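Enquirer: Following this message is one structure expressed as structure tokens.
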Amino acid sequence: MRFAISVCLCLAAFAVTACDDHDHDEPEPFDTFQQCFDDHHTEEALPTQQAIVICCLEHPIAGVTEVCGADAASCMTYLATNLSTSSATSAEVTAACTDYATQLHM
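According to my numbering, the residues represented by the sequence shown are 1228 to 1333, in order.
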């Protein structure tokens, strides 16, 4: 019986420790969209489309949330001036903005 209780306590301790590894704070803010994209795409090696969507949905940019707008068209307009043309092709931007708009309304 003591062994079973010891095992349960150890498992509970591991579960609590594992949960503490996750960052429950607010998403990291960035001064510019390009900085956010570079962090996710270059530093974390996420695919271009995924990095764009994450920055659009999850991170405040210059203190503003959901900077990419309410739909795919406004996302593409925003990215045209806030993401370097060498960072993503127009096809990647279109695909990312379509994905963003879909996820925004989920």
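Cβ coordinates follow ideal geometry from the N, Cα and C atoms, glycine included.
Note that the structure is predicted; figures quoted are calculated from it, not measured.
(1) Take the Cβ of T1312 as the centre, count every other Cβ of all protein chains shown within 10 Å, and call the residue buried at 16 or more, exposed below.
(2) I'd like the list of long-range same chain contacts for D1326, defined as Cβ closer than 7 Å, with 5 residues on each side in sequence excluded.
(3) May I ask you to report which of helix, strand or coil DSSP gives V1291?
(4) With 16 other CB atoms within 10 Å as the buried threshold, where does H1267 fall?
(5) Roughly how many whole angstroms lie between the Cα atoms of P1256 and N1309?
(6) Roughly how many whole angstroms lie between the Cα atoms of A1322 and P1274?
Expert: So, from the data block:
(1) exposed
(2) Q1276, V1280
(3) strand
(4) buried
(5) 15 Å
(6) 12 Å
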